[in-house]
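Accompanying notes for the structure given below.
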Amino acid sequence: MPSSVLPTLFLSLLLPVSAHASCITPDGAGFDLQGDQATSREHGLTWKRCAIGMEWDAGAQTCSGAARDLGLNEAIDYAETQDDGWRVPTGQELETLTLDTCEGPKIDGVAFPHIAAADIGEGAQFWTSTDAMPDMFYFFDLTNGFVDMHSQGFHLSVLLVKDSSR
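At position 51 of the sequence shown (counting the first as 1) the number is 97 in my numbering, and the numbers step up by one without a gap.
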């Protein structure tokens with residue numbers, strides 16, 4: 047083997063190690079956590095820590111119950127019934143929650159515990175209010191860390207958000 051190939055081969059063997067070393071272990075430090083709400087220190091948004099349908103268990107410091115899958119219009123209608131300006135997040139807003147975690151859901155599991163409970167076999171998929179094309183809206187799979195789109199009648203989970211000033 048020519049000696050000029052050895053450095054390249056050696057570097058290629060190190061790449062997976064470097065990529066793995068850059069993953070994040072969630073610790074909740076990016077949020078002010080107050081009961082069922084998490085306020086992003088960087089983005090100034092306040093999030094419900096549990097998906098719609100789940101309840102905050104203050105004693106256990108986690109979400110309990112089952113996430114409720116809703117069509118996008120149902121999710122928007124539900125958000126409008128809540129006080130203080132809660133709404134379905136935009137794609138840009140939901141993207142601020144995604145992390146390159148070392149393992150598990152691609153979101154801070156300290157700030158948003160038990161998010162995996164929204165995974166009904168195809169990933170923990172959460173609506174955004176951002177349209178991708180006519181009658182198609184983006185959603186985030188927080189189990190696997192990807193974005194896709196679906197028609198608004200498809201049923202997915204929802205995390206509500208509001209501006210922190212409210």
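In this text, a Cβ means the ideal position worked out from N, Cα and C, and glycines have one as well.
Would you tell me roughly how many angstroms separate the C-alpha atoms of residue i and residue j, rounded to the nearest one?
i: residue 58; j: residue 69; result: With a pLDDT of 41 at residue 58, under the threshold of 50, the modelled position of that residue is not reliable, and the figure given next carries that caveat. Cα to Cα, the separation comes out at about 19 Å.
i: residue 193; j: residue 185; result: 6 Å
i: residue 154; j: residue 90; result: 16 Å
i: residue 56; j: residue 151; result: With a pLDDT of only 37 at residue 56, under the threshold of 50, the placement of this residue in the model should not be trusted, and no figure is reported.
Where do the N-terminal and C-terminal ends of the beta strand (DSSP E) with residue i fall, by residue?
i: residue 209; result: 207 to 209
i: residue 175; result: 171 to 179
With 16 other CB atoms within 10 Å as the buried threshold, where does residue i fall?
i: residue 149; result: exposed
i: residue 127; result: exposed
i: residue 64; result: A caution first: residue 64 carries a pLDDT of 39, below 50, which makes its placement in the model unreliable, though a value can still be read off. Residue 64 is exposed by the Cβ-count criterion.
i: residue 72; result: buried
The alpha helix (DSSP H) with residue i in it runs from where to where?
i: residue 123; result: 118 to 126
i: residue 198; result: Note, residue 198: premise wrong, no alpha helix (DSSP H); not H, not E.
Who pairs with residue i in a beta bridge, going by DSSP?
i: residue 70; result: 147
i: residue 94; result: 83
i: residue 101; result: 110
i: residue 153; result: 144
i: residue 183; result: 177 and 196
Does the CB of residue i have a neighbour CB from chain C at under 7 Å?
i: residue 198; result: No chain C appears in the structure shown, which is made up of a single protein chain.
Query raised in the report: Can at least three beta-carbon pairs, one atom from the stretch 193 to 202 and one from the stretch 105 to 118, be found at a separation below 8 Å?
Result: Judged by Cβ distances under 8 Å, the stretch 193 to 202 makes contact with the stretch 105 to 118, as three or more pairs qualify.
Requested in this report: Evaluate contact between the stretch 145 to 163 and the stretch 80 to 99, counting only Cβ atoms and requiring at least three cross-stretch pairs below 8 Å.
Outcome: yes
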